[in-house]
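*Asks:* Before I ask anything, here is the structure I am working with.
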Amino acid sequence: MIEFQNVTKKYGREYGLNDVTYSLEKGKIYGLLGPNGSGKSTTLKLIAGLVHPTSGQVLVNGKLANRKIANEVAYLTELDMFYQPFKVKDMIDFYATQFQDFRIDRANELLQFMKLDKEKNIKQLSKGNRGRLKLVLALAREASVLLLDEPFSGLDPMVRDSIVKGLLSYIDFDNQIVIIATHEIDEIEPLLDEVLAIQDGKIIGRHNVEELREMEGLSIIEWMKRTFKE
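For my numbering, add 32 to where a residue sits in the sequence shown, where the first one is 1.
Here it is as structure tokens:
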């Protein structure tokens with residue numbers, strides 16, 4: 033479980049998050065949706081323990097979120113963190129030395145699924161293939177929390193749909209919480225169990241996706257338009 037307890041995060045005078053309280057349960061895929069600068073990346077960094085709250089606390093599986101819980105959180109950042117002289121296979125080997133839960137067999141399976149050549153140099157990869165490699169490195173871990181920050185950015189729209197659908201087979205719904213922070217809603221809608229709308233550092237809406245469709249007849253995009261308009 034992930035818990036935000038009256039969490040505020042300030043950067044100087046600006047609020048990244050403003051007095052946020054909610055909890056997330058394992059076995060679900062959550063969509064954290066909002067415009068740029070709304071607080072999505074700050075939320076993920078707080079869960080990963082990369083930044084600390086100005087006030088309040090973030091708990092991951094009952095423990096304070098900090099760098100000590102790194103082995104429980106797999107974080108796909110929007111930034112490109114690759115070591116350029118490496119080959120793809122070198123990044124796989126490096127991650128295997130850094131994280132005990134990293135499964136090389138799953139990584140190799142994911143490389144095939146993503147159609148990535150493990151002998152290719154990192155610097156030769158296109159932006160889309162770098163995005164695929166980041167997904168491989170995150171999904172090859174057996175961490176209890178999986179954080180994906182704009183995971184489909186740069187991917188070719190022609191293959192994005194098949195990659196999104198294929199991700200489901202690599203998620204352990206018995207043991208993982210998955211949070212996808214994105215503004216690309218169309219492709220990920222079939223994946224999501226719940227959506228949270230964030231704006232100006234506050235959660236302004238939260239809903240079960242199935243209930244949205246069945247009880248209110250709304251797609252996530254329609255719900256987002258209504259929520260942000262209000």
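The beta carbon of each residue, even a glycine, is placed where N, CA and C say it ideally should be.
These numbers were taken from a predicted model, which means no experiment stands behind them.
Does the region 204 to 213 touch the region 40 to 55, meaning 3 or more C-beta pairs lie closer than 8 angstroms?
*Replies:* no
*Asks:* Quick check on A102: does DSSP put it in helix, strand or coil?
*Replies:* helix
*Asks:* Which residues in the same chain as L228 place their Cβ atom closer than 8 angstroms to its Cβ, once the five residues preceding and following it in sequence are excluded?
*Replies:* Y54, Y62, G63, L64, L65, I235, G237, R238
*Asks:* Taking all protein chains shown into account, do 16 or more other C-beta atoms lie within 10 angstroms of the C-beta of S176, making it buried, or fewer, making it exposed?
*Replies:* buried
*Asks:* In chain order, what residues of the same chain lie with their CB nearer than 8 angstroms to the CB of E248, ignoring the 5 residues before and after it?
*Replies:* W255
*Asks:* Over the uninterrupted beta strand (DSSP E) stretch that includes V83, give me the two end residues.
*Replies:* Where V83 is concerned, there is no enclosing beta strand (DSSP E), given that its DSSP letter is neither H nor E.
*Asks:* Mapping DSSP to helix, strand and coil, what is Y202?
*Replies:* helix
*Asks:* Under 8 angstroms: do the region 160 to 177 and the region 135 to 146 share three or more Cβ pairs, one atom per stretch?
*Replies:* Yes, since at least three Cβ pairs between the region 160 to 177 and the region 135 to 146 fall closer than 8 angstroms, the two stretches touch.
*Asks:* Note down, one range per segment and in chain order, each beta strand (DSSP E) of at least 3 residues found wholly within the region 107 to 147.
*Replies:* Uninterrupted beta strand (DSSP E) stretches at least 3 residues long and entirely within the region 107 to 147 do not occur.
*Asks:* Rounded to whole angstroms, what's the CA-CA distance from R173 to D137? Just pull it up for me.
*Replies:* 11 angstroms
*Asks:* Between which two residues does the beta strand (DSSP E) holding R238 run?
*Replies:* Where R238 is concerned, the enclosing beta strand (DSSP E) starts and stops at 234 to 240.
*Asks:* Between the Cα of S251 and those of D232, L91, D218, I230, spot the shortest distance and give me the residue it belongs to.
*Replies:* Comparing C-alpha distances from S251 to each of D232, L91, D218, I230 shows the shortest one belongs to D218.
*Asks:* Counting only the same chain and skipping the five closest in sequence on each side, list residues whose C-beta sits under 6 angstroms from that of Q231.
*Replies:* G66, S70
*Asks:* So, do the region 96 to 116 and the region 71 to 81 have three or more beta carbon pairs nearer to each other than 8 angstroms?
*Replies:* yes
*Asks:* Whose C-alpha, out of K100, E35, L76, is nearest the C-alpha of A213?
*Replies:* L76
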